[in-house]
Amino acid sequence: DHIGKHPEVKGDQIFNGAVDNASGVAGLIELGRAHAALETPTKRSVLFMATTAEEAGLLGAKYYAENPLYPLEKTLADINMDGLAVWGKTRDIEDTSNGNSTLDDMLAAAAERHDKVMTPNSQPEKGSFYRADQFEFSKVGVPSLYTGAGREVIGKPAGFGQQKKDEFVAKHYHQPSDEVNPEWDLSGAAQDVQLLFEVGYQVANGATFPEWNPGTEFKAKRDESLKKKP
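Mind the numbering: the sequence shown is residues 44 to 273 in our numbering, read in order.
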């Protein structure tokens with residue numbers, strides 16, 4: 044999760060960040076492997092990147108947005124993962140992007156193909172979209188997608204998923220105890236990564252480019268960016 048000591052924490056000072064965000068990085072690596080294994084490469088380049096210092100103010104993402112490898116007006120989308128689902132398959136996947144762009148529609152369609160539903164941001168008042176790396180891409184106009192683990196865990200009683208989330212936030216979030224748990228069931232993480240693969244593949248091969256929806260605060264910046272000559 045981060046390097047350094049916390050003066051008020053006794054004992055173990057290694058903040059492993061197993062869920063937040065080693066699980067997301069593992070998903071990123073698997074997405075890279077999946078693309079590398081394609082018999083026919085995608086029509087467009089796909090960049091896999093783990094930015095640093097999110098908790099210090101999205102510094103890694105901000106640096107890339109200010110120093111991009113590819114022109115931002117030619118960057119079609121940013122897809123961001125944070126902690127993945129670690130308690131099994133879910134009936135839903137959370138759209139933390141607040142329905143801001145057509146990427147959300149692509150995610151909803153991918154979820155439907157896998158008998159899942161895309162649910163809206165369950166806690167918009169916490170401003171999660173503005174506190175994660177994709178926000179820096181959004182600020183420079185790049186359509187962005189940010190997802191979260193679903194709450195309706197298949198085979199578990201109602202409320203189980205929310206209970207586990209609340210438990211994680213209360214006991215393990217940004218704590219040394221965010222460690223790998225042998226009781227985890229990563230089938231849900233694999234399922235959600237599959238959905239993100241399908242969205243990314245559609246962007247990389249499709250004829251229709253992702254767009255910010257009308258009225259979205261980032262649309263004007265994108266429109267300005269697209270006026271630049273190639």
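From the three backbone atoms N, C-alpha and C, an ideal C-beta is built for every residue, glycine too.
What you are looking at is a predicted structure, and each value in this text was computed from that prediction instead of being measured.
(request) Closer than 8 Å by C-beta to R156: which residues in its own chain qualify, once you throw out the five before and the five after it? Chain order, please. (result) For the purposes of this step, residue 156 is taken as residue 113 along the sequence shown, with counting starting at 1. Closer than 8 Å at Cβ, skipping near neighbours: E241.
(message) Based on DSSP bridge pairs, tell me the residues matched to W191.
(response) The residue you call residue 191 lines up with position 148 of the sequence shown. It is Gly, not Trp, that sits at residue 191 in the sequence shown. G191 pairs with E137.
(request) Between the Cα of A192 and those of S140, A232, E116, spot the shortest distance and give me the residue it belongs to. (result) Translated into positions along the sequence shown, residue 192 becomes position 149. Comparing Cα-Cα distances from A192 to each of S140, A232, E116, the minimum goes to A232.
(message) Here's a check: name, in chain order, each residue in its chain whose Cβ is nearer than 6 Å to the Cβ of S187, leaving out the five neighbours to either side.
(response) Stepping through the sequence shown from its first residue, residue 187 is reached at position 144. Counting only Cβ-Cβ distances below 6 Å, and skipping sequence neighbours, we find D121, Q177, F180, S181.
(request) Select from S230, T133, G198 the residue whose C-alpha is nearest the C-alpha of T162. (result) The count along the sequence shown starts at 1 and reaches residue 162 at position 119. When C-alpha distances from T162 are compared across S230, T133, G198, the shortest belongs to T133.
(request) Take every Cβ of the stretch 206-215, pair it with every Cβ of the stretch 69-88, and state whether three or more of those distances are shorter than 8 Å. (result) no
(message) For Y189 and A247, what's the separation of their Cα atoms in angstroms?
(response) Translated into the one-based positions of the sequence shown, residue 189 becomes position 146. Translated into the one-based positions of the sequence shown, residue 247 becomes position 204. Approximately 17 Å, taken between the alpha carbons.
(request) With a 10 Å radius around its C-beta and 16 neighbouring C-beta atoms as the bar for buried, classify E260 as buried or exposed. (result) Taking the sequence shown and counting its residues from 1, one reaches residue 260 at position 217. Burial call: exposed.
(message) On a Cα-Cα basis, can you pick out the residue from G249, D235, Y244 that is closest to D90?
(response) Along the sequence shown, read from residue 1 onward, the residue named residue 90 stands at position 47. For the sequence presented, residue 90 should be read as Leu rather than Asp. Measuring from the Cα of L90, the nearest candidate turns out to be Y244.
(request) Return the CA-CA distance between N224 and K264, expressed in angstroms with no decimal places. (result) Position 181 of the sequence shown, counting from 1, holds the residue named residue 224. Position 221 of the sequence shown, counting from 1, holds the residue named residue 264. Their backbone Cα atoms lie some 43 Å apart in a straight line.
(message) Suppose the cutoff is 7 Å on Cβ atoms and the five residues either side in sequence are ignored; what does the same chain contact list for A128 look like?
(response) The residue given as residue 128 occupies position 85 in the sequence shown. Around A128: A192, G193, G231, A232, D235.
(request) Could you tell me the boundaries of the beta strand (DSSP E) in which V160 lies? (result) Stepping through the sequence shown from its first residue, residue 160 is reached at position 117. Taken as a continuous stretch (DSSP letters only), the beta strand (DSSP E) holding V160 covers 160-163.
(request) Report back the beta-carbon spacing between S171 and N256 to the nearest angstrom; my notes put them in contact at under 8 Å. (result) Within the sequence shown, residue 171 is the residue found at index 128, counting from 1. Within the sequence shown, residue 256 is the residue found at index 213, counting from 1. So it is not a contact: roughly 19 Å between Cβ atoms.
(request) Rank E195, M149, I197 by C-alpha distance to the C-alpha of L239 and give the top, closest one. (result) Reading the sequence shown from its first residue, position 196 is the one you call residue 239. Considering only E195, M149, I197, the residue with the shortest C-alpha distance to L239 is M149.
(request) Can you check DSSP and say which residues form a bridge with D121? (result) Numbered from 1 along the sequence shown, position 78 holds the residue referred to as residue 121. DSSP, once it has assigned bridges, lists S187 as partnering D121.
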